[in-house]
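Have a look at the structure below, then the notes.
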Amino acid sequence: MNQETLKDIFQRNVSLMKACGVTYEQWQHEPILDFDTDLRVGERLGWTAMPTKSLFLRFKSGDFALLLTHKNARLDAKRVKALMGQRPSIASDDEMMAAIGCVPGAVCPFGLPESIHVILDESLLTFESLMYTPGLPEFTFAFPAANLMALLDALPNRILRLPVVESH
1 MNQETLKDIF QRNVSLMKAC GVTYEQWQHE PILDFDTDLR VGERLGWTAM PTKSLFLRFK
61 SGDFALLLTH KNARLDAKRV KALMGQRPSI ASDDEMMAAI GCVPGAVCPF GLPESIHVIL
121 DESLLTFESL MYTPGLPEFT FAFPAANLMA LLDALPNRIL RLPVVESH
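In my numbering, the protein residues as written are 1 to 168.
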């Protein structure tokens, strides 16, 4: 993976936070590329924010989208198909790296190429704070979930909202 690409993604995230006036916390730690490491580092550092999960999706049309959700969520292909008009599949690591430059296990939701749609799982808006990897897997940012829409609205990407499913 190109370290310069990851540093550029990181800088775009710092710039986005500043441009939107979002106060955020930042930690530097061992690289996090899986949930076990995330859990271990989070416990050691006392993290309380909800970890986000960014699933990089591909469609038969050749389009890509990033599903921004929480760490416990699973891909609901039927709901994404209803939103996008085509059935999604999880992109391969090689497809993801070529399209957005992130490292597998550390996909960043902000600073993506403009052609990548962002699908927001609106359940993220119910949490107090959220955290994510800003490109470099040895960093984690946390910010108030109330600022999520301001951050997304500042992006050039098309943002699609996946409503919260009401449980009966």
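In this text, a Cβ means the ideal position worked out from N, Cα and C, and glycines have one as well.
Reduced DSSP secondary structure (H/G/I, E/B, other) of residue i
{"i": "Q86", "result": "coil"}
{"i": "V172", "result": "Residue 172 is absent from the structure shown; the chain starts at 1 and stops at 168."}
{"i": "L148", "result": "helix"}
{"i": "K78", "result": "helix"}
{"i": "S15", "result": "helix"}
{"i": "I159", "result": "strand"}
{"i": "F35", "result": "helix"}
Anticipated Cβ contact below 8 Å, residue i with residue j, distance rounded
{"i": "W47", "j": "F139", "result": "The pair is not a contact, with the Cβ atoms about 13 Å apart (cut-off 8 Å)."}
{"i": "V22", "j": "A150", "result": "7 Å"}
{"i": "A154", "j": "F127", "result": "Their Cβ separation, rounded to whole angstroms, is 20 Å, which puts A154 and F127 out of contact at 8 Å."}
{"i": "M96", "j": "V107", "result": "7 Å"}
Proximity below 9 Å, CB of residue i to CB of residue j
{"i": "D143", "j": "M50", "result": "The residue asked about is misnamed: residue 143 is Phe in this sequence, not Asp. Contact: no."}
{"i": "G111", "j": "G135", "result": "yes"}
{"i": "L120", "j": "L75", "result": "no"}
{"i": "I116", "j": "L55", "result": "no"}
{"i": "L6", "j": "P109", "result": "no"}
{"i": "R58", "j": "P88", "result": "yes"}
Buried or exposed by the 16-neighbour rule on C-beta atoms within 10 Å, applied to residue i
{"i": "K53", "result": "buried"}
{"i": "V164", "result": "exposed"}
{"i": "H168", "result": "Only weak support is given to the placement of H168: the predicted model assigns it a pLDDT of 49, under 50, and the value that follows is read from those uncertain coordinates. Exposed."}
{"i": "L162", "result": "buried"}
What are the complete beta strand (DSSP E) segments, minimum 3 residues, inside the stretch 101 to 125? Within the stretch 101 to 125, the complete beta strand (DSSP E) runs of at least 3 residues are 117 to 121.
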